[in-house]
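Trainee: Handing you a structure now.
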Amino acid sequence: MVALLQLGVDYFQLEMGIISHIEDELYTVSYAISPANDLLSGTTFDLGDTYCVHTLATNQALSFYHAGQSHIAQHPCYLNLGLESYIGAPIVVEGKRFGTINFSASAPRNQPFSTEELSFIELLSHWVGNEIARHEKLALLKEQQKLMARQQDILEQMGQVAGVGAWELDLVDGKLYWSSVMKDIHEVDQDFVPDLVNGLNFYKEGENQTRITQCVRRLMDHGGNFSGEFEIVTQKGTPKWAAVKGKAELDGGKCVRLVGAFQDITEQVNSREQLEHRHKELSLALEARSLFLANMSHEIRTPINGVLGMLQILDASSLDNEQRRFLGLAKDSATSLLGIINDILDFTKIDSGKLALETVPIDLNQVLNNCVDIFNPHAKEKSIQLVKQLENTQGASIITDPTRLRQICANLLSNALKFTHQGQVNIATELTLLKKGKATLTIFVKDSGVGMTQEQQALLFSPFSQADVSTTRKFGGTGLGLSITRKLCQLMSGDVSVKSVLNKGSVFSAQIEVGIMAKSVHPAEPELAVSQSRDLSGLHVLVVEDNEINQVVIGEMLKQRQITYDIVNDGLEALAILEDELSSENPYTLILMDCQMPNMDGYQTTQHIRQFSSHVATIPIIALTANALSEERDKCFASGMSEYLSKPVDQENLYAVLEKYS
């Protein structure tokens, strides 16, 4: 700029040159040449005290060659500075007024400034305007570059902290840029120069290289973006997993640049694989546990079926009083053992999520009355009054799982009777309506027993826990009953709680959510009603059972009702005998089918029977299984069986189902 001023000073033969920047009424010297160099950049004047006010007013080149003899002789600039000669022109930058370029001297000129000189000053003003615009653009560009450098530095620092690298592929010049984090991840020096070829070569040979190459090619050809997880091998041979993202930048519909992020996720992938491995191990363990439960249920229930079955048969024989007393003790012991096994299996089923709930309509008080009646003999033996207060739910029909409702009620009554030596045990009910079609059923069981301390209550619902160690020695039991009760209540959207005072008794409150039936709907009858002693002598039953003891038990139970039967040891024998059914004079009316047998099990046998083209395909098949798991019932029905009886088989239940299908 000073060079341009010097050019003007020499051309006009004037002693002073100024490039000014004018904002509002403030005149600021940007560049200057003066005789003693006493006019410095940054010096300011009021615009009205300078000749430039007239230049800006005319918005074109303006000159005075002898100010003292002109109409501006009284101008402040003349009065203060004594400038006789002046020529100036406005400077315009990017269409906006910037200021002026002007030259002056204290001596007058001999003649006015010529047209050529006015044109020259205008040329200089355009030149200066362009230079100022260029300088401003350069300054702005430098500021932007500085800002971008700062932002890049911040991104680098953030990348270092977050462990996320950045990459950029310029498709115009073919250069690939890696951030420092990218280089750290690939274990290369910071002066490493990546390119497209060596960059792709870091990806593990085979599927990973093929996939990343396809992703890059797709972006280059069609734009868009990609993300994925890839295996790489660093320069030092370290295998790593990386999360890679990429995006195409287009110019005029053509891809000119790819940008993306790159993150080392080796630890995350390893952790995920470990979790997946643990999940697989857990699934196998759960599967093994389910298989173990099924086998344990079968193996334990099979001999118990024999014991209880033979005891039931023996009970129907001629016995003296002492023999009948011994028989009663044996039946009680076997039933107690079965109860313990059922508790353990129920707890394990609930704990592993294998317990499925039924939802069927029932008469609430009928179910509760039947449950309470079971405990009446035990209460009488202990001279304890068992009081029912079921008026609040009289006539209530609900939708719930009757088996689990009975189990909750039985556990609470059994616990109350166990720890009550005198007085009474009360059972009461309450039904609280919730949203439409739902209600909360509360069962209260109050006893006048031994009661508990706060510490004992805190442990009460924990599995395998009782009030204290002496409780198990004195009263027996597994300590699972109340724990199962709580889990059942929670499974049925409720819970169980207790209030107790030591030596005064306890009150248990069990809550479950139930459905409320419309009055026009009648609850279903129990699946297996007590036998009404219908004549069953006309039945012809095929028993498919491999266990010799169970064969004897089932056979004796059938004999007691004068039922004719045949026994085969497995499914293959059953199919062989059923092949001759068409020519049989006494066809089978029902099949009792064990589920677990050698050669061919009950499920496969049933499926084959259902494929017969004769009436054999429609013969009712009753499952006999020692597997107490809930999915066993579903499996039986899925194979085509008509009914399900769990071992040990109760005589009355067997007769009831025979009557149902007779």
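Going by this note's numbering, the letters in the sequence shown line up with residues -18 to 643, in that order. Ideal Cβ positions, reconstructed from N, Cα and C, are used throughout, including at glycine. Since this is a predicted model, take the numbers as computed values, not measurements.
(1) Below 7 Å CB to CB, which residues in the same chain sit around Leu308 once its five sequence neighbours on both sides are set aside?
(2) Can you tell me whether Asp(-9) is buried or exposed? The criterion is at least 16 other CB atoms within 10 Å of its CB, across all chains shown.
(3) Near Thr570, what residues of its chain come up, given a Cβ to Cβ distance below 6 Å and the 5 sequence neighbours on each side ignored?
(4) Going by DSSP, what residue range makes up the alpha helix (DSSP H) through Gly23?
(5) To the nearest angstrom, how far is the alpha carbon of Ser478 from that of Asn528?
(6) Where do the ends of the beta strand (DSSP E) carrying Gln171 lie?
(7) Please report the distance separating the alpha-carbon of Arg454 from that of Ala439.
(8) In terms of alpha-carbon separation, which member of Arg115, Ala604, Gln244 lies closest to Val74?
(9) Alpha carbon to alpha carbon, what distance is there between Gly204 and Gly23?
(10) Applying the criterion that 16 or more other CB atoms from any shown protein chain within 10 Å of the CB defines a buried residue, is Gln388 buried or exposed?
(11) Can you tell me the Cβ-Cβ gap for Ile572 and Ile600, rounded? I've got them flagged as a contact below 8 Å.
(12) From what residue to what residue does the beta strand (DSSP E) around Met574 run?
(13) Under a three-way DSSP split, which group does Arg238 fall into?
(14) Between the C-alpha atoms of Val502 and Ile343, what's the straight-line distance to the nearest angstrom?
(15) Sorted by chain position, which residues of the same chain lie with C-beta nearer than 7 Å to Asp245's C-beta, five sequence neighbours on each side aside?
(16) Once the 5 residues before and after Asn350 are set aside, which same chain residues still bring their CB inside 8 Å of it?
(17) Would Thr384 and Glu339 be called neighbours here (beta carbons separated by less than 8 Å)?
(18) Ignoring anything shorter than 4 residues or poking outside the segment 68 to 139, list the alpha helix (DSSP H) runs there in chain order.
(19) With distance defined between alpha-carbon atoms, name the residue in Thr434, Cys390, Asp170 nearest to Asp354.
(20) Between the Cα of Met622 and the Cα atoms of His589, Ser1, Gly418, which residue gives the shortest distance?
(21) In the DSSP assignment, the alpha helix (DSSP H) including Thr466 goes from what residue to what residue?
(22) For a quick check, are the C-beta atoms of Leu605 and Leu626 less than 8 Å apart?
(23) Can you check the segment 528 to 598 for any beta strand (DSSP E) of at least 3 residues that lies completely inside it and give the ranges in chain order?
(24) Classify Ser44 as buried or exposed, calling it buried when 16 or more other Cβ atoms lie within 10 Å of its own Cβ.
(25) Please return the same chain residues whose Cβ sits closer than 7 Å to the Cβ of Leu463, not counting the five positions on each side in sequence.
(26) If you measure between the beta carbons of Gly536 and Ile379, is that distance less than 8 Å?
(27) What would DSSP say about Pro342, mapped onto helix, strand or coil?
(28) For Leu469, count neighbouring Cβ atoms within 10 angstroms of its own Cβ and tell me buried if that reaches 16, exposed if not.
(29) Specify the secondary structure class of Thr219 as computed by DSSP and reduced to three states.
(30) Taking only the alpha-carbon atoms, compute the straight-line gap between Tyr67 and Leu99 and give it to the nearest angstrom.
(31) When we look at the beta-carbon of Phe273 and count the other beta-carbons within 10 Å, is it buried (16 or more) or exposed?
(32) Please check the pair Gly486 and Gly418, which I expect to be a contact at CB under 8 Å, by giving their CB distance rounded to whole angstroms.
(33) Could you give the first and the last residue of the continuous alpha helix (DSSP H) run that contains His203?
(34) Between the beta-carbon of Gly(-11) and the beta-carbon of Leu105, is there less than 8 Å?
(35) Would you mind working out which of Ser85, Pro71, Gln437, Cys58 sits nearest Ile14, comparing C-alpha positions?
(36) Helix, strand or coil for Gly475 per DSSP?
Mentor: Checking against the coordinates, here is how it stands:
(1) Leu292, Leu295, Asp296, Leu300
(2) exposed
(3) Leu520, His521
(4) Segment: none, Gly23 is in no alpha helix (DSSP H) and carries neither H nor E.
(5) 45 Å
(6) Run containing Gln171: none; DSSP gives neither H nor E here.
(7) Residue confidence is low: Arg454 scores 38 on pLDDT, short of 50, so the model does not pin down where it sits. Its coordinate-derived value is still stated next. Computed Cα separation, rounded: 20 Å.
(8) Arg115
(9) Approximately 53 Å, taken between the alpha carbons.
(10) buried
(11) 6 Å
(12) Looking at the DSSP string, the run of the beta strand (DSSP E) that includes Met574 is 571 to 575.
(13) strand
(14) At Val502, the pLDDT of 41 sits below 50, so the modelled position is not reliable; the number obtained from the coordinates is stated separately. Looking at the two C-alpha atoms, the distance is approximately 10 Å.
(15) Gly144, Ile166, Lys221, Ala223
(16) Once the five neighbours on either side are set aside, the close Cβ partners of Asn350 are Lys369, Leu371.
(17) yes
(18) none
(19) Of Thr434, Cys390, Asp170, the residue nearest in Cα terms is Cys390.
(20) His589
(21) 462 to 472
(22) Closer than 8 Å, so yes.
(23) Every beta strand (DSSP E) of 3 residues or more that sits fully in the segment 528 to 598 is shown, in chain order, as 545 to 549, 571 to 575.
(24) buried
(25) Contacts found: Asn392, Asn396, Leu441, Phe442.
(26) Going by C-beta atoms, Gly536 is not nearer than 8 Å to Ile379.
(27) strand
(28) buried
(29) Looking at Thr219 - three-state DSSP - the assignment turns out to be coil, as it is neither helix nor strand.
(30) Tyr67 and Leu99 have their C-alpha atoms spaced approximately 11 Å apart.
(31) exposed
(32) In fact, because the Cβ distance is near 36 Å, the residues do not count as touching under 8 Å.
(33) Unbroken alpha helix (DSSP H) run through His203: 188 to 203.
(34) Yes, the Cβ-Cβ distance between Gly(-11) and Leu105 is below 8 Å.
(35) For Ile14, the closest C-alpha among the options Ser85, Pro71, Gln437, Cys58 is that of Ser85.
(36) coil
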